[in-house]
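Reading through the structure tokens given below for one structure.
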Amino acid sequence: MNPDESTPTEGRAARPLLLAAVAVLALASGAVYVGTLKGGFLSASDVGGLPELAAIQAQLRPLDACALTYRRLDSKGKRPFPDSVIVHDCTGTGRVVAIKVPTTWEPQGVTFEMKRASPSEPFQVLIEKDTTLTPALQAAMEHFAPLIAAKLPEQQRAARAATAE
262 MNPDESTPTE
272 GRAARPLLLA
282 AVAVLALASG
292 AVYVGTLKGG
302 FLSASDVGGL
312 PELAAIQAQL
322 RPLDACALTY
332 RRLDSKGKRP
342 FPDSVIVHDC
352 TGTGRVVAIK
362 VPTTWEPQGV
372 TFEMKRASPS
382 EPFQVLIEKD
392 TTLTPALQAA
402 MEHFAPLIAA
412 KLPEQQRAAR
422 AATAE
């Protein structure tokens, strides 16, 4: 046998390894692409630790809320509910409450998402990447926080009573 010739089994052994490497590369590229799309997991910045938001964090911390969303992109690429902040409680039941808010900031492009794992933690305030904490965003959050703090407990009680019936 000529030493320059490879046996048929050597070529077959390399083929699955090459296919696996290509598959891993394709999956990783797809994950990065999806994450960088508008509204994707790599397209948000956390500004929750900024001193300008400390008063908002203090107002919302005691509430049974682990996620608050205002005008974030949905799965269809739209920004629904211009007159509501959508609140998910921390109980894990999937209970959602919509708190009505003024639409004053909708034309200014205000959008945010607040998340935390438990009521004892501060919120992550997620805004779209390359967006700074604008005066309009800060003003909207300062306006929404007392409304949410006042309305949320009663709306959650009503939602719990409705599901208990």
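Quick note on numbering: the sequence shown equals residues 262 to 426 in our numbering. We put the beta carbon where it would ideally sit given N, CA and C, even for glycine. In this text, all values refer to a predicted model and were calculated from it rather than measured experimentally.
Original post:
According to the neighbour-count rule (16 or more other Cβ atoms, all chains shown, within 10 Å of its Cβ), is Thr330 buried or exposed?
Top reply: buried
Original post:
Measuring CA to CA, which of Leu321, Pro363, Val386 is closest to Phe373?
Top reply: The shortest Cα separation from Phe373 among Leu321, Pro363, Val386 belongs to Val386.
Subject >> Chain-order list of residues whose beta-carbon lies under 7 Å from that of Pro343 (same chain, five-residue window excluded) >> reply: Arg332, Thr364, Glu367
**OP:** Since I believe Val362 is in contact with Phe405 (beta carbons under 8 Å), could you give me their beta-carbon distance rounded to a whole number of angstroms?
**Re:** 5 Å
Subject >> Beta bridge counterpart(s) of Phe373 as assigned by DSSP >> reply: Tyr331
Original post:
If we ignore side chains and look at the alpha-carbon of each, how far apart do Leu286 and Ala275 end up?
Top reply: If you take the alpha carbons of Leu286 and Ala275, they lie about 17 Å apart.
Subject >> Distance, Pro396 Cα to Leu413 Cα >> reply: When the Cα atoms are used, Leu413 and Pro396 turn out to be separated by approximately 25 Å.
**OP:** Evaluate Gly338 with the Cβ neighbour count: other Cβ atoms within 10 Å of its Cβ, from every protein chain shown; 16 or more gives buried, anything less gives exposed.
**Re:** exposed
**OP:** Note the first and the last residue of the continuous beta strand (DSSP E) segment covering Lys361.
**Re:** 357-361
Subject >> Between the CA atoms of Lys376 and Pro323 - distance to the nearest angstrom >> reply: 14 Å
Original post:
Does DSSP put Val285 in a helix, a strand or coil?
Top reply: helix
Original post:
At which residues does the beta strand (DSSP E) containing Glu389 begin and terminate?
Top reply: Per DSSP, Glu389 belongs to the beta strand (DSSP E) from 385-389.
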